[in-house]
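> For the protein sequence lines, the chains are A and B, in the order given. Position 110 of the first sequence, counted from 1, bears residue number 110 in my numbering, the numbering being contiguous throughout. Position 150 of the second sequence, counted from 1, bears residue number 150 in my numbering, the numbering being contiguous throughout.
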Amino acid sequence: MWCIVLTSRRVSLVENTTRKTFQPPWWRRVAQVVFVFFCGVTKALASVKSNSISPTNIFAPDSTPANSIYRLSLFELEILGAIFVVVFSLLAYAVVKFRERKEDSSEPAQIYGSNQMELAWTVLPVLIVVVLFLTTAQVIHRVQDASRPEGTIEVTVVAHQFWWEYRYPQFGLVVSNELHVPVSDPNHPTPTFLSLLSGDVDHSFWVPRLAGKTDLIPNHPNTMWIDPHETGVFLGQCAQYCGTQHAKMLLRVYVQSHDDFDRWVHDQQEQAGADPSVAAGRALFVAKACFACHTIRGVMAIGRIGPDLTHLMSRDTLASGAVLNTPENLRHWIRNSGTFKPGSFMPPQDLTDSELNQIAGYLETLH
Amino acid sequence: MASEALPLTLHKGPLAVVYEWLGTADHKKIGFMYIIYALLFLVIMGIEAILMRIQLAHANSHFLSPQVFNRLFTMHGTTGVFFVAMPILFGFGNYLVPLMIGARDMAFPRLNAFGFWMTAFGGLLLYGSFFAGDGVLHAGIAPDVGWFAYAPLTATAFSPGHSTDYWTLSLLLAGVGSIAGGVNFVATILCMRCPGMTLSKMPLLAWMNLVMGGLILVTISPLTAAQLMLVADRYLGAHFFDTQAGGSVVMWMHFFWIFGHPEVYVLIIPCFAFVSEIIHVFSRKAMFGYPAMVAATVSIGFVSLGVWAHHMFTFGMPSYGNAFFVLTTMVVAVPTGIKIFNWLATMWGGKIRFATPMIFAVGFLFQFLIGGLTGMMLATAPFDWQLGNSYFVVAHFHYIIVGGILFTIFAAFYYWFPKMTGRMLDETLGKWHFWLFVIGFHLTFDFMHIPGLLGMPRRVYTYEAGRGWETWNMISSIGAIFQTVAILIFVYNMIRSYFLGAPAGNDPWDAWTLEWATTSPPPDYNFAVVPSVRSRRPLWDIKHPDDPDWKYE
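Rendered as structure tokens:
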């Protein structure tokens, strides 16, 4: 068809077709290139299907929703790759082939259009859109409308400016910043369904290897689910701009074997220990009004503004994943949260060194 | 020509010149002011981008504080959409539409001036925020809510003080200006065409500006309404977006994006117009499939009104809602594909002259193709659950806005600068500009897709080490250097050529539309005699009397 355009001038295209001799099929070469490209893309993506490149690689899924998206994306990338190769080659060919020659100053043949070709490049994209839409709709339905099987873990996620609160209604538990879920055997799935709420502004829960993101919006409860197939720590972070420290609102999901998970639940259900050697620190925690924002079960501390600290030492990180939970970082954080996270809502504390050590010493007993 | 007027202009004092420009209602002067104004803001937003790229070059960088970074990305986005892209396209539209349809001015010259000054004051007000509060170095109290300013981050509880007020009031002003411009485009194109120029004989540029004007009327209104609601929420105790009193933050998203998505087409459709004009002139061929191009443009205009919630795939719509917006968004690919193929077919069999306007237009074609395909990926709701709000999205829309819109604006500068000033831009400098900008653009934005695929969200002032994002961010930042040099060359080229460029003559490109029939720069009244036309390419008819277009159209 393209050779027709080259030669015809203001005449019906159909007339001309009959007169043209059959050219070597350029499309066959293009098809070969496309095929090679297909294989290339698929191979490249299959090889990155590991978390070695990045712990948050969307092409290394380890949970059913993330995997459905991954498979859909491969299918789509093949189609788009083919479109890219074809259109790119045609453009490149036109740009190279139809350059102006110096010696030739005449105007080229004027062609105003061709209904057949217009029709062709309207109908073909329509067909592609139909295929892509139907495939997509299927995946949307599979991920969004999934039902809860027996053994589902329910977690309510409440996002705050700039930390995460997780409630396990089945276990009467409230924990902060580090989400623990059981591993899910694909044959006997025990997925975790997350009910997503916000305590202030919009946030988004995004752990790329487990699922796509879903926003947490005030007064607009959302749901998402994950069923991690392997144990380990999965990383992510808030993906909806939520204010000054949006960047340090990190997500850590601990996927544990069922036994480990049960043990963790049991440990977390315990009240805070009352080690007499840190009684002074505990008293100071109350006297300095830390309790106004933080809960420590078993102590007169029921604040709900900041993270629950009942088992602070069971966590690997402080400040919603911003720093490791070390004695030194803990002291920096208590004295001035702005050291790691300028804009965090925990106010700087006016404490003497010994007061700081007493409070930190007390917190260090909260295993 | 106005030989009697010449001595008068020569004796004008500087004050008289200033007064003439401030008080002008001439479409060319207003167009010129829009363009200069937008170029100033382009430089400002570029500086903001460079600061952000320095910050993001390394993980856990302390070059900027989070507060300043958040102000910068908000200002960069807001400036880019409202005070660079819109004004520059309005500027070219204002300058070109009356010339190309053989009119002596826009339909409402005073409204035109009003629109420009509203937009101009909007931009000045927005940047006033940099000088408020603690002043320039700590970025004043510039808005820090992001360019789409999701509720409830804009509520007084989360945004105390006046930073959000600067944002909302300046957009309110600029929005009124845009609506004035939109009314003017529609009225001018429908009512002011010269004899013989039926709708089907208008240059594509006029058609596309008509669609753009219509879209502005439909889309700026919800934005303006939303800004008024926000002001009422903040100061009059209204509860439109106050969830604790029965309001809805999702409503803000709907209002914003039913403006925000068609806005993208408000920006890209005039660029399609530039490309259409440039490609057919430099391929030396008539536009292939003119009726299909018009139909595709109009249908993009309509379909674009029904796709807004693809910005909201992650906010938790029911599956049927998501599927609906997947379909409408994907459908946009059909008319867009028609356009690309028509441009391709216009080049096919032509004799392509690679002057600077054409190489920028060809660059646009390749980059717009890629930007369109990544757009398809984002239109696929489940894929968007991963890619949405990540750096992939940032890369995608910069591919459209820089690789698409900015490239065509450069093309338009090289193409119409001779008409506006009477002097040619330097071709050698133009090619340096092009190649450096292409290198910089691809370094920055090609590699920016990758951290998005590896889980890097947008709008973060810094990021964690060890996530595989550092290298790609560093490459993106290096690309900014090339882009900066290219822009400096461009600015130098314009200033130098304005004074020293080769004289252009009336028709330097051997083109076919009416603006090339008058002098460069055109006189105040554009045409001494109102032209009349018989085809889409009136100058072709004159140059080829033996073979005129009107026989075939």
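Positions of the beta carbon are idealized from the N, C-alpha and C atoms, including for glycine.
Any Cβ of chain B within less than 8 Å of the Cβ of Phe22/A?
Below a pLDDT of 50, predicted positions are generally treated as unreliable, and Phe22/A, at 48, falls in that range; the measurement from the model is reported next regardless. It does not; no Cβ of chain B falls within 8 Å.
> Under 8 Å: do the segment 69-79 of chain B and the segment 501-518 of chain B share three or more Cβ pairs, one atom per stretch?
Because the criterion of three Cβ pairs below 8 Å is not met, the segment 69-79 of chain B and the segment 501-518 of chain B do not touch.
> Residues of chain B with CB closer than 7 Å to the CB of Thr136/A, please, in chain order.
Neighbours of Thr136/A on chain B, chain order: Val326, Thr380, Ala381 and Pro382.
> With DSSP collapsed to three states, give me the class of Leu197/A.
It is a strand residue.
> Whole-angstrom Cβ separation of Tyr290/B and Leu204/B, contact assumed at under 8 Å?
Yes, Tyr290/B and Leu204/B are in contact; Cβ-Cβ is about 7 Å, under 8 Å.
> Is the beta carbon of Val249/B closer than 8 Å to that of Asp202/A?
In contact: Asp202/A and Val249/B (Cβ atoms closer than 8 Å).
> What span of residues does the beta strand (DSSP E) with Ile386/A cover, start to end?
For chain A, the structure presents residues 1 to 367; residue 386/A sits outside this window and is missing.
> Give the straight-line distance between the Cα atoms of Glu364/A and Tyr391/B, rounded to the nearest whole angstrom.
Cα to Cα, the separation comes out at about 38 Å.
> Please work out which residues of its chain come closer than 7 Å, Cβ to Cβ, to Lys339/B, disregarding the five sequence neighbours upstream and downstream, and give them in chain order.
Closer than 7 Å at Cβ, skipping near neighbours: Phe272, Met293 and Ala296.
> Can you grab the Cα-Cα spacing for the pair Leu250/A / Gly466/B, in whole Å?
Roughly 14 Å between the two C-alpha positions.
> Whose C-beta lies closer than 8 Å to the C-beta of Thr21/A among residues of the same chain, with five residues either side of it excluded?
Note on Thr21/A: pLDDT 45, under 50, position unreliable in the model; the coordinate value appears next. Once the five neighbours on either side are set aside, Thr21/A has no close Cβ partner at all.
> Return the residues of the segment 318-347 of chain B that lie within a Cβ-Cβ distance of less than 7 Å from chain A, sorted by chain order.
The segment 318-347 of chain B vs chain A, Cβ under 7 Å: Ser319, Asn322, Ala323, Val326, Leu327, Met330, Val331, Ala333, Val334, Gly337, Ile338, Ile340, Phe341, Leu344, Ala345 and Met347.
> Identify each residue in the segment 63-85 of chain A for which the Cβ-Cβ distance to at least one residue of chain B is less than 9 Å, and report them in chain order.
Flagged, chain order: Pro65, Ala66, Ser68, Ile69, Tyr70, Leu72, Ser73, Glu76, Leu77, Ile79, Leu80, Gly81, Ile83 and Phe84.
> Thinking C-alpha only, which one of Tyr265/B, Asn70/B and Lys431/B is nearest Gly372/B?
For Gly372/B, the nearest C-alpha among the options comes from Tyr265/B.
> Ignoring anything shorter than 4 residues, give me the alpha helix (DSSP H) runs that lie fully in the segment 107-176 of chain A, in order along the chain.
You should have 115-144.
> Phe162/A to Pro348/A, Cα distance in whole Å?
Going from the Cα of Phe162/A to the Cα of Pro348/A covers about 16 Å.
> Give the residues of chain B in contact with Met117/A, contact being defined as C-beta atoms less than 9 Å apart.
Correct list: Phe288, Gly289, Phe341 and Ala345.
> Using a cut-off of 7 Å between C-beta atoms, extract the partners of Ser170/B located in chain A.
Correct list: empty, because the minimum Cβ distance to chain A is about 20 Å.
> Determine, for Thr122/A, whether the minimum Cβ-Cβ distance to residues of chain B falls below 8 Å.
With 8 Å as the cut-off, Thr122/A counts as an interface residue toward chain B.
> Applying a beta-carbon distance threshold of less than 9 Å, which residues of chain B neighbour Pro108/A?
Chain B residues near Pro108/A: Ser283, Arg284, Lys285, Gly349, Gly350 and Lys351.
> According to DSSP, simplified to helix, strand and coil, what is Asn389/B?
Of the three classes helix, strand and coil, the one that applies to Asn389/B here is coil, per DSSP.
> Can you name the residues of chain A whose CB is closer than 7 Å to the CB of Thr243/B?
Going along chain A in sequence order, the residues near Thr243/B (Cβ under 7 Å) are Pro218 and Asn219.
> Please tell me whether Asp267/A has its Cβ less than 8 Å away from any Cβ of chain B.
No - not a single Cβ of chain B is within 8 Å of the one on Asp267/A.
> For a test of the three-state rule: what should DSSP assign to Met224/A, helix, strand or coil?
Met224/A: strand per DSSP, three-state reduction.
> Which of the three DSSP states is assigned to Phe437/B in this structure?
The answer is helix: DSSP assigns Phe437/B an H, G or I state.
> Run through chain B and tell me which residues come within less than 8 Å of Ile359/A, C-beta to C-beta.
Under the 8 Å cutoff, chain B gives no residues; its nearest Cβ is about 27 Å from Ile359/A.
> Residues bridged to Ile401/B by DSSP?
Partner(s): none; Ile401/B has no beta bridge.
> Is the separation between the beta-carbon of Gly301/B and that of Asn209/B shorter than 8 Å?
Result no, Cβ atoms of Gly301/B and Asn209/B do not sit closer than 8 Å.
> Tell me the DSSP secondary structure of Ile179/B in three-state form.
Reduced to three states, the DSSP call for Ile179/B is helix.
> Since Ser89/A is in the alpha helix (DSSP H), which residue starts that stretch and which ends it?
Taken as a continuous stretch (DSSP letters only), the alpha helix (DSSP H) holding Ser89/A covers Thr64 to Lys97.
> My understanding is that Glu515/B touches Leu89/B, with C-beta atoms under 8 Å, so please give their C-beta distance in whole angstroms.
With 8 Å as the limit, Glu515/B and Leu89/B do not qualify as a contact, their Cβ atoms being about 17 Å apart.
> Contact check, Thr444/B vs Gln386/B under 8 Å by CB: the rounded distance?
Actually they are not in contact, since the Cβ atoms of Thr444/B and Gln386/B sit about 22 Å apart, beyond 8 Å.
> For a quick check, are the C-beta atoms of Met118/B and Leu173/B less than 8 Å apart?
A contact, by the Cβ cut-off of 8 Å.
> Out of curiosity, what's the CA-to-CA distance linking Gly303/A and Tyr166/A?
When rounded, the distance between both Cα atoms is 15 Å.
> For the alpha helix (DSSP H) that contains Pro327/A, what are its first and last residues?
From DSSP, the alpha helix (DSSP H) with Pro327/A extends over Pro327 to Arg335.
> Measure from the C-beta of Val84/B to each C-beta in chain A and report whether the shortest distance is under 8 Å.
No - not a single Cβ of chain A is within 8 Å of the one on Val84/B.
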